[in-house]
Ligand SMILES: [Zn+2]
């Protein structure tokens, strides 16, 4: 299932990407531009008018945890590949050879980790740091319900 999020839902877009979903976030798109995606993506919006259209999910809450819960429950999402996607630019991450990231991450990180992922879109490097455990913890709450 693919999504496009309206300008009010930047955090939700990032979190859905962390859950592994393909989410576009065209920051300046108006309703008309968003609706062009409706054939291939579910539109996520806080706009009541837009929410009445076909293939649009009206997000009820302003709280990120409730927003995420609504999307996962109402669309019955199967979270099968969390943390497989860049939360910043939506690209699928690629596992990197350790040596190739030597100059791209802090020395301490390089020494303490063996597995790294790179984003082909924005070139960010990811590893399983303290942030990772926290995010996995949050994601598991959404999986178990
Ligand atoms: Zn990226």
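Residue numbers (this note's numbering): 8 to 152.
All residues carry an ideal CB built from backbone N, CA and C; glycine is no exception.
Under 8 Å from any heavy atom of ligand 1, does the C-beta of residue 131 make it?
-> Residue 131 sits at position 124 when you count from the first residue of the chain shown. Under cutoff, so the answer is yes.
Among 21, 111, 9, which has the Cα closest to the Cα of residue 93?
-> Translated into the one-based positions of the chain shown, residue 93 becomes position 86. Looking at the Cα atoms, 21 is the closest of the given residues.
Return yes when the C-beta of residue 112 is under 8 Å from any heavy atom of ligand 1, and no when it is not.
-> Counting from one through the chain shown, the residue named residue 112 turns up at place 105. Flag unset: Cβ of residue 112 not near ligand 1.
Kindly examine ligand 1 and report whether one of its heavy atoms sits closer than 8 Å to the Cβ of residue 3.
-> This structure leaves residue 3 out entirely; the chain is present only between 8 and 152.
Name the two residues that bound the continuous alpha helix (DSSP H) containing residue 41.
-> Position 34 of the chain shown, counted from the start, is the residue given in the question as residue 41. Note, residue 41: alpha helix (DSSP H), 38-42.
Within its chain, find whatever has a CB closer than 7 Å to the CB of residue 81; leave out the 5 residues flanking it on each side and keep chain order.
-> Taking the chain shown and counting its residues from 1, one reaches residue 81 at position 74. Closer than 7 Å at the Cβ level, and outside the excluded window around residue 81, lie 64.
Any non-hydrogen atom of ligand 1 closer than 8 Å to residue 95 Cβ | Here the question's residue 95 lines up with position 88 in the chain shown. Under cutoff, so the answer is yes.
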